[in-house]
Each structure stands twice: as structure tokens, then as C-alpha cells.
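Working notes, beginning with the structure itself.
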Amino acid sequence: MKILIVDDSFEIREMLSSFLKLKGDTPDTAGDGLEAVKKIQDNDYDVILLDLAMPKSSGFDALAELKNKNILNSEKIFVLTAMNITKTEREKIEKFGVKNLILKPMKIQELYSKISLM
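Counted the way this note's numbering counts, the sequence shown spans residues 32 to 149.
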């Protein structure tokens, strides 16, 4: 699978990327929502792992921009966050059609089990 990892943490991007390579997948990375939108426009990813809380351009910003550009495929997106998700934020995510929400810290094997069903 071709998987985009969007997270402001270099360590998380590298850890997930290394793990996915070992599993035979093709990972790509982006450090913020803006970079993610550009990569999504230029590539066809099977799965997108999207962090919500990023300083430059958040996951919410990326979802909104993808929707504005009519390239939002919510079924491919797994939102990853360490934030305590409020009811309002959960509803906001659901309005974008995203149903896959994973709270950090997560067990990498559990994450892989979920995305491998795509």
C-alpha cells in the first residue's frame, strides 16, 4: 500500500515509515497539513495517516482544504491525535466523513491491523 504519514513529529514520521517499509508498504511523509494537501494532489495514496494538532497547518486545515478542492476521500483517512477530543471536535471530524479516529499513544501493530483492511 502507498501510505502518507502526516505528523509534525519527525520521530513519529520516521518510526511509522520504518515500520511500514518492513511490512512491504510504500510510505511517504508530510510535516504539516499544507504539505499533505500538495502531496495528495500529486499522488494516489491508499491510506492517509493524519495528525490533527500541528502548528503550521493542522489536520483540520488539511481536511477543509481537501474538501474545498473536491479531493477529500474520507474513507482513506485515519485521524491520529494525542489531543483529548471534545464532542465538538469529534463532530467536526465526522462532518468531513472521517470515521477512523485513533488516539495516541497507539500500538503500532494495532494501527497496522486497522489500515491493512483498506
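For each residue, glycine too, the CB sits at the ideal point set by N, CA and C.
Less than 9 Å between the C-beta atoms of residue i and residue j, yes or no?
i	j	result
Met32	Asp82	no
Leu134	Ile116	yes
Met137	Leu111	yes
Gly62	Phe91	no
Report the three-state DSSP secondary structure of residue i (helix, strand or coil).
i	result
Asp82	strand
Lys135	coil
Thr112	strand
Lys33	strand
Leu148	coil
Among the options, whose alpha-carbon lies nearest the alpha-carbon of residue i?
i	options	result
Ile36	Asp59, Leu51, Lys107 and Lys54	Asp59
Lys126	Thr112, Ala113 and Ala95	Ala95
Gly144	Asp92, Ser49 and Lys54	The question names Gly, yet the displayed sequence has Ser at residue 144. Of Asp92, Ser49 and Lys54, the residue nearest in Cα terms is Lys54.
Asn131	Lys118, Asp73, Lys107 and Glu141	Lys107
Next on the checklist: Ignoring anything shorter than 3 residues, give me the beta strand (DSSP E) runs that lie fully in the stretch 40-109, in order along the chain.
Outcome noted: Fully enclosed beta strand (DSSP E) runs of 3 or longer: 57-61 and 78-82.
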